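In the numbering used here, the protein residues as written are 50 to 181. Reviewing the structure listed below.
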Amino acid sequence: MDTPDLCFTPATELRRLIGAREVSPVEVADAVLSRIDRLNPALTAFLTVTDARARADAKAAEARALKGEPAGPLDGIPYSIKDLEPTAGIRTTYGSKFFERNVPEEDGVVAARMKGSGGVLLGKTNTPHFGH
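Here it is as C-alpha coordinates:
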(Lines of atoms letter the chains of each structure in order from A; the text may use other names.)
(Lines give C-alpha, C1' and ligand atoms only; values in the text may rest on other atoms or scores of the structure.)
Protein backbone atom coordinates (compact mmCIF):
# COMPACT_ATOMS: atom_id res chain seq x y z
CA MET A 50 0.00 0.00 0.00
CA ASP A 51 1.30 3.47 -0.82
CA THR A 52 2.43 5.48 2.20
CA PRO A 53 0.10 8.46 1.51
CA ASP A 54 -2.83 6.04 1.34
CA LEU A 55 -2.11 4.87 4.89
CA CYS A 56 -2.71 8.38 6.19
CA PHE A 57 -6.27 8.35 4.84
CA THR A 58 -7.23 4.72 5.42
CA PRO A 59 -10.13 4.34 7.88
CA ALA A 60 -9.26 2.80 11.25
CA THR A 61 -11.48 -0.21 10.60
CA GLU A 62 -9.61 -0.96 7.38
CA LEU A 63 -6.22 -0.42 9.05
CA ARG A 64 -7.26 -2.87 11.76
CA ARG A 65 -8.17 -5.46 9.10
CA LEU A 66 -4.92 -4.89 7.17
CA ILE A 67 -2.83 -5.16 10.34
CA GLY A 68 -4.66 -8.31 11.43
CA ALA A 69 -4.12 -9.85 7.98
CA ARG A 70 -0.44 -8.81 8.11
CA GLU A 71 -0.84 -6.83 4.90
CA VAL A 72 0.53 -3.74 6.59
CA SER A 73 2.55 -3.28 9.76
CA PRO A 74 1.70 -0.88 12.59
CA VAL A 75 5.25 0.48 12.20
CA GLU A 76 4.58 1.33 8.53
CA VAL A 77 1.36 3.08 9.47
CA ALA A 78 2.97 5.06 12.30
CA ASP A 79 5.93 6.05 10.12
CA ALA A 80 3.61 7.25 7.33
CA VAL A 81 1.49 9.37 9.65
CA LEU A 82 4.48 10.75 11.58
CA SER A 83 6.15 11.69 8.29
CA ARG A 84 3.02 13.61 7.29
CA ILE A 85 2.91 15.35 10.68
CA ASP A 86 6.59 16.32 10.35
CA ARG A 87 5.92 17.77 6.91
CA LEU A 88 2.70 19.67 7.68
CA ASN A 89 2.80 20.60 11.36
CA PRO A 90 5.25 23.51 11.04
CA ALA A 91 2.62 25.35 8.96
CA LEU A 92 -0.51 24.00 10.63
CA THR A 93 0.64 23.81 14.27
CA ALA A 94 -2.08 21.21 14.81
CA PHE A 95 0.16 19.28 17.22
CA LEU A 96 1.46 20.90 20.38
CA THR A 97 3.55 17.83 21.19
CA VAL A 98 4.52 15.01 18.83
CA THR A 99 5.46 11.78 20.61
CA ASP A 100 7.33 10.17 17.74
CA ALA A 101 9.69 7.99 19.81
CA ARG A 102 6.83 6.69 21.93
CA ALA A 103 4.64 6.18 18.85
CA ARG A 104 7.33 4.11 17.14
CA ALA A 105 7.88 2.03 20.29
CA ASP A 106 4.13 1.46 20.69
CA ALA A 107 3.86 0.54 17.00
CA LYS A 108 6.68 -2.01 17.37
CA ALA A 109 4.91 -3.53 20.37
CA ALA A 110 1.65 -3.68 18.39
CA GLU A 111 3.49 -5.33 15.52
CA ALA A 112 4.87 -8.00 17.86
CA ARG A 113 1.35 -8.69 19.15
CA ALA A 114 0.01 -8.82 15.58
CA LEU A 115 2.64 -11.38 14.60
CA LYS A 116 1.51 -13.54 17.53
CA GLY A 117 -2.15 -13.00 16.61
CA GLU A 118 -2.79 -11.46 20.03
CA PRO A 119 -4.05 -7.88 19.57
CA ALA A 120 -4.40 -5.84 22.77
CA GLY A 121 -7.77 -4.53 21.66
CA PRO A 122 -9.78 -3.10 18.79
CA LEU A 123 -7.37 -0.19 18.24
CA ASP A 124 -4.15 -2.21 18.40
CA GLY A 125 -1.63 -0.57 16.07
CA ILE A 126 -4.00 2.24 15.05
CA PRO A 127 -2.48 5.74 15.33
CA TYR A 128 -4.43 8.46 17.10
CA SER A 129 -3.91 11.89 18.58
CA ILE A 130 -5.40 13.25 21.76
CA LYS A 131 -6.48 16.79 22.57
CA ASP A 132 -4.25 18.70 24.97
CA LEU A 133 -7.18 18.74 27.41
CA GLU A 134 -6.71 15.08 28.38
CA PRO A 135 -4.05 14.19 30.99
CA THR A 136 -1.38 11.87 29.60
CA ALA A 137 1.21 10.32 31.90
CA GLY A 138 4.69 11.59 31.15
CA ILE A 139 3.54 13.90 28.35
CA ARG A 140 3.07 17.62 28.79
CA THR A 141 -0.59 18.60 29.19
CA THR A 142 -1.16 22.36 29.07
CA TYR A 143 -4.95 22.61 28.62
CA GLY A 144 -4.05 25.31 26.09
CA SER A 145 -2.82 27.60 28.87
CA LYS A 146 0.52 29.20 29.69
CA PHE A 147 -0.32 28.52 33.35
CA PHE A 148 0.23 24.80 32.69
CA GLU A 149 3.06 24.95 30.13
CA ARG A 150 5.27 22.77 32.37
CA ASN A 151 2.53 20.42 33.58
CA VAL A 152 3.44 16.74 33.08
CA PRO A 153 0.84 14.46 34.66
CA GLU A 154 1.91 11.29 36.43
CA GLU A 155 -1.25 9.42 35.44
CA ASP A 156 -3.37 9.11 32.34
CA GLY A 157 -6.90 10.49 32.28
CA VAL A 158 -9.72 8.05 31.55
CA VAL A 159 -9.72 8.58 27.78
CA ALA A 160 -5.93 8.30 27.47
CA ALA A 161 -5.88 5.16 29.63
CA ARG A 162 -8.59 3.48 27.56
CA MET A 163 -6.95 4.36 24.25
CA LYS A 164 -3.61 3.05 25.48
CA GLY A 165 -5.23 -0.10 26.90
CA SER A 166 -6.85 -0.92 23.58
CA GLY A 167 -3.47 -0.81 21.83
CA GLY A 168 -3.75 2.57 20.11
CA VAL A 169 -0.52 4.27 19.02
CA LEU A 170 -0.40 7.81 20.42
CA LEU A 171 1.08 10.25 17.91
CA GLY A 172 0.91 13.27 20.21
CA LYS A 173 -1.20 16.02 21.70
CA THR A 174 -3.20 18.36 19.49
CA ASN A 175 -3.58 22.06 20.14
CA THR A 176 -6.57 23.56 21.89
CA PRO A 177 -7.67 27.07 22.80
CA HIS A 178 -7.18 28.27 26.37
CA PHE A 179 -8.86 25.62 28.59
CA GLY A 180 -10.72 24.35 25.53
CA HIS A 181 -12.88 27.47 25.18
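Positions of the beta carbon are idealized from the N, C-alpha and C atoms, including for glycine. In this text the structure is predicted, and so the values were computed from the model without any measurement.
Around the beta carbon of ASP86, fewer than 16 other beta carbons sit within 10 angstroms, so the residue counts as exposed.
Considering only ASN175, GLU71, LEU96, ILE130, the residue with the shortest C-alpha distance to VAL158 is ILE130. A contact between stretches requires three or more CB pairs, one per stretch, nearer than 8 Å, and the region 106-115 meets this requirement with the region 158-169.
With fewer than 16 other beta carbons inside 10 angstroms of its own, GLU154 counts as exposed. By the criterion of a C-beta distance shorter than 6 Å, GLY121 is surrounded in its chain by SER166, GLY167, once the five residues flanking it on both sides are discounted. Separation of SER83 and THR174 (C-alpha to C-alpha, rounded to the nearest whole angstrom) is 16 Å.
Collapsing the DSSP output to three states places ILE85 in a helix. By the C-beta density criterion, LEU92 is exposed, having fewer than 16 other C-beta atoms within 10 angstroms.
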